[in-house]
Amino acid sequence: MLNSPVWRGPSQYAFCLGLILGGLASALSLLVVGSIVRVAAPSLVLIVVVLAWFGVIVVREFGLVRFKLPQNARLVPQSVFRHGRFFGPLQFGLEMGTGVRTYVTSGLPYAALVLVLLIAEPAGAVAAGVAFGLGRSLMITSNLRYSDDNSWDFAWSDHERVIRMLLVASFAVSLWVVLA
Amino acid sequence: MTTILSRERLWHPLTATAGIAVVAVSGIVLHSADLAAGVLLCWMVIGAASGFATSGST
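Those sequence lines, one after another, are chains P and G. The numbering used here puts the first residue of the first sequence at 1, with every later residue one more than the last. The numbering used here puts the first residue of the second sequence at 1, with every later residue one more than the last.
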């Protein structure tokens, strides 16, 4: 699918912009809901919940336990492209960027979700939301530039364990800093 | 051939992952120096790592 001309040029940038806006929208929504949730418990309890949940996600991420997390297990329909080569990809990206429109293949967004919901200040939530979109944009940007035959996906699969370890480690040390 | 190899290295998923890890380390260093930007950088790493980890979804 990424070989399609629709992913080149402005369409790609519109898609990435949509991803960022979608991530931002989700983060701000969580921030608003979280401002209500946080009133219900002292900050120490919230921190314990965040750490415990992150621990569960890490164990799941490496396949030591298996359980399903809620996800919208559907592909975004190609019909979004009816809005043209800019607004179509923009909508596609926006929907994917929210993280609630299609498959979520990792547990880390769920750890980030709870963290933003229970702990984040506005600046942190905005940073995390924008960066979530940037992280997803990094995938499509790398994929399109790596090769013309989607072999990036195979490279990902070949190194999946190392990639997951590095991402979890990066998340963990960052979590330590934001909770410090 | 050299160009192809360079392109594949530059845009390899491990390179992107390593980039996120480097930003995480930078965040820690800045935080250790009592710079608020360190915390913000770490929030960005949390978001970016979460987003990039879902790369298989498309």
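For every residue, glycine included, the Cβ atom is placed at its ideal position computed from N, Cα and C. Note that the structure is predicted; figures quoted are calculated from it, not measured.
Best match in the options for proximity to residue i [C-alpha to C-alpha]
i: P/W176; options: G/S50, G/T54 and G/C42; result: G/C42
i: P/I57; options: P/P109, P/G93, P/T102 and P/P10; result: P/P109
i: P/L46; options: P/L166, P/R136 and P/A120; result: P/A120
i: P/G23; options: P/V100, P/F54 and P/V59; result: P/V100
i: P/G84; options: P/L75, P/N143 and P/P10; result: P/P10
i: G/F52; options: P/G88, P/E160, P/V178 and P/V173; result: P/E160
i: P/A169; options: G/R9, G/I28, G/A36 and G/L35; result: G/I28
i: P/S174; options: P/S35, P/S26, P/L51 and P/L117; result: P/L51
i: P/Q12; options: P/S142, P/S29 and P/W152; result: P/S142
Buried versus exposed, by CB contacts within 10 Å (16 or more), residue i
i: G/S32; result: exposed
i: G/V22; result: exposed
i: P/I20; result: buried
i: P/R66; result: exposed
i: P/L117; result: buried
i: P/F62; result: exposed
i: P/I163; result: buried
Proximity test, Cβ basis, 8 angstroms: residue i and chain P
i: G/V29; result: no
i: G/S50; result: yes
i: G/H12; result: yes
Listed by chain order, chain P residues near residue i by CB distance under 8 angstroms
i: G/L40; result: A123, G124 and A127
i: G/A33; result: By Cβ distance, chain P contributes nothing, its closest Cβ being about 12 angstroms from G/A33, past 8 angstroms.
Listed by chain order, chain G residues near residue i by CB distance under 8 angstroms
i: P/Y13; result: None at all; the shortest Cβ gap to chain G is about 16 angstroms.
i: P/G63; result: In chain order: nothing, as chain G lies at least about 14 angstroms away.
i: P/R145; result: R7, L10 and W11
Presumed contact (8 angstroms Cβ cut-off) between residue i and residue j, rounded CB distance
i: P/A111; j: P/F132; result: In fact, because the Cβ distance is near 12 angstroms, the residues do not count as touching under 8 angstroms.
i: G/L40; j: P/A123; result: 6 angstroms
Neighbour list for residue i in chain P, Cβ cutoff strictly below 9 angstroms
i: G/A18; result: L166
i: G/A37; result: Within 9 angstroms Cβ-Cβ: nothing; G/A37 doesn't reach chain P, min ~10 angstroms.
Contacts of residue i in chain G (Cβ-Cβ under 9 angstroms)
i: P/S26; result: Those within 9 angstroms of P/S26 in chain G number zero; the least Cβ separation is about 10 angstroms.
Contact set between residue i and chain P, taken where Cβ atoms lie within less than 7 angstroms
i: G/S55; result: M139 and W156
is_contact[residue i, chain G] using C-beta, thresh 8 angstroms
i: P/V33; result: no
i: P/P77; result: no
i: P/A169; result: yes
i: P/R101; result: no
i: P/C16; result: no
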